[in-house]
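Enquirer: Sharing a structure with you now.
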Amino acid sequence: MKKKLIITLTIIVIILIIIMCIIINNKKSNENNEKTDSTVIYDKDGKIIYDISRKNEITDVIKDTVIQGIVELNHNGYIYIFNGQHFGEFGLEMEEYTRAIFKDNNQTCIDYLTLQKYDTSYIQEGDILICSGDLSKKGYSMGDNDFDTKDNAIIVLKSNVYNQMKKDALIGKRAYSSIVTVDDEYVESGYVYLKYSLEDDTHSDTGYNFPFAVKAYIEDDTKVIGDLKKGKRVKVTYKDENADFDNMKLQSIEVIEN
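Heads up: the sequence shown runs through residues 833 to 1090, numbered per our numbering.
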């Protein structure tokens, strides 16, 4: 009888411990959710740049504007464009591009070079899109804007054509109007991000700027002239101009404008 009582009490204690653990875990989970739901990020001037509780709030609408961006995804009825260029996990943003999401309404797509017309299946990752319509800015979402093309045609610069344009600009093969500036520098880590403007007037009635960036490595024998800081204009030569854009090794880099 005594043995049965001990076993019963032991089982009750174990059950109580399990219940207490569940309650504590739920409390911690709720606290974490509350923290997540109240996440707010400020910039250096104290301005809110991200508020998870207001991330879908429209703070500004720009009517009948033109934007351009690099395609990240064309899937499941939506097209996502990025305002810059990816280097692995690192995304380098550029003011000439806009980050936005818009619906795939099977808008007419026009090839940038040939002017031939296609449907939206023509759009692939890495292409540059030039779109006109209404931009709805979400000021607390760190750039997740909505865009309404209003069924206007979309101009598509294919990624393979764009990559060739970039290579031509690097080696000076084509007379693009191109300015090279330091976009971000990690000299202590041995590399810099160099931003190239790439102004093209293939269509004489309209000029476009399709900037791009390269990750350029500073090696022991690289000739560095001047103080490399973000925003400074530079003149560069590479050891191998045909290397990948994220693995350019500098022969020399010279600051030509402070």
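Just so you know, even glycine gets a beta-carbon here, dropped at the ideal spot from N, CA and C.
Sort 1045, 897 and 1079 by Cα distance to residue 1015 and report the nearest one.
Expert: For the purposes of this step, residue 1015 is identified with residue 183 of the sequence shown, where counting begins at 1. For the residues 1045, 897 and 1079, the minimum Cα distance to residue 1015 belongs to 1045.
Enquirer: For residue 940, tell me which candidate among 1077, 983, 894 and 1024 has the shortest Cα-Cα distance.
Expert: Position 108 of the sequence shown, counted from the first residue, corresponds to residue 940. Residue 940 has its Cα closest to that of 983, out of 1077, 983, 894 and 1024.
Enquirer: Per DSSP, residue 1058 is paired with what?
Expert: Locating residue 1058 in the sequence shown gives position 226, where the first residue counts as 1. As computed with DSSP, residue 1058 is found in no beta bridge at all.
Enquirer: In terms of alpha-carbon separation, which member of 981, 1088 and 890 lies closest to residue 1059?
Expert: The residue labelled residue 1059 in the question sits at position 227 within the sequence shown. Checking every option, the nearest Cα to that of residue 1059 belongs to 1088.
Enquirer: Within its chain, find whatever has a CB closer than 8 Å to the CB of residue 865; leave out the 5 residues flanking it on each side and keep chain order.
Expert: Taking the first residue of the sequence shown as position 1, residue 865 is located at position 33. The pLDDT assigned to residue 865 is 49, lower than 50, so where the model puts this residue is not dependable; a value taken from the coordinates is nonetheless given after this. Excluding positions up to five away in sequence, the list is empty.
Enquirer: Could you pull the start and end residues of the beta strand (DSSP E) that residue 1018 belongs to?
Expert: Within the sequence shown, the letter at position 186 stands for residue 1018. Annotation for residue 1018: the continuous beta strand (DSSP E) segment containing it runs 1012–1018.
Enquirer: So residue 942 is in the beta strand (DSSP E); what residue range does that whole segment cover?
Expert: Here the question's residue 942 lines up with position 110 in the sequence shown. Here the beta strand (DSSP E) through residue 942 covers 941–943.
Enquirer: Quick one: grab the DSSP three-state call for residue 1001.
Expert: Taking the first residue of the sequence shown as position 1, residue 1001 is located at position 169. The answer is helix: DSSP assigns residue 1001 an H, G or I state.
Enquirer: Determine which residues share a DSSP beta bridge with residue 963 and list them.
Expert: Looking up residue 963 in the sequence shown gives position 131. Residue pairing by DSSP puts residue 963 in a beta bridge opposite 899.
Enquirer: Evaluate contact between the segment 961–971 and the segment 889–901, counting only Cβ atoms and requiring at least three cross-stretch pairs below 8 Å.
Expert: yes
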